[in-house]
Ligand SMILES: [Zn+2]
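Residue numbers (the numbering used here): 62 to 192.
What follows is the structure, encoded as structure tokens:
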């Protein structure tokens, strides 16, 4: 079961709220096996930022290097839905090519956070708990 640190959850919700009306995104990482406790915000450079997200490639690479340098574990990718529910859109499913990396969506209107695996266009809901 995936564990998400309570403070990290608050931090990412605050960040997502600050980016309304746009989608916001980032990476989730953990130290050792203590659950997810680090959020890396990454600027959304999508041309349609209200409906989709695209990582700023430079900040994305920097974040991955930081994760590696600090011996952290990359656990997943997260983005917000400013107007829709916490399920992957068709575009989300079509653009996701990492079947083993968890995919998190936070819905601002529903105040709901869900985690998934997306494998061969199939969306699988993952259990997670606040830690
Ligand atoms: Zn989405």
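Every residue, glycine too, gets a C-beta built ideally from N, C-alpha and C.
Only a predicted model underlies this, so the values are computations on that prediction, with no experimental measurement involved.
Sub-9 Å separation of residue i and residue j beta-carbons
i	j	result
residue 166	residue 149	yes
residue 138	residue 109	no
residue 114	residue 72	no
residue 63	residue 147	no
residue 172	residue 74	yes
residue 66	residue 95	yes
residue 78	residue 174	no
Backbone secondary structure at residue i - three-state DSSP
i	result
residue 81	coil
residue 156	helix
residue 191	strand
residue 126	helix
residue 135	strand
8 Å CB neighbourhood of residue i in its chain, flanking five on each side removed
i	result
residue 91	97, 98, 99, 133, 134 and 136
residue 145	168 and 170
Cβ shell of residue i (< 7 Å), same chain only, five flanking positions each side left out
i	result
residue 105	83, 84, 85, 86, 114 and 115
residue 124	88, 101 and 103
Nearest to residue i (by Cα), restricted to the options the options
i	options	result
residue 88	111, 117, 78 and 94	117
residue 158	123, 125, 131 and 178	178
residue 141	112, 188 and 68	112
Contacting residues, own chain, Cβ-Cβ under 6 Å from residue i (five flanking each side not counted)
i	result
residue 128	90 and 135
residue 102	76 and 87
Hey, is the region 176-186 in contact with the region 149-162, meaning 3+ C-beta pairs nearer than 8 Å? yes
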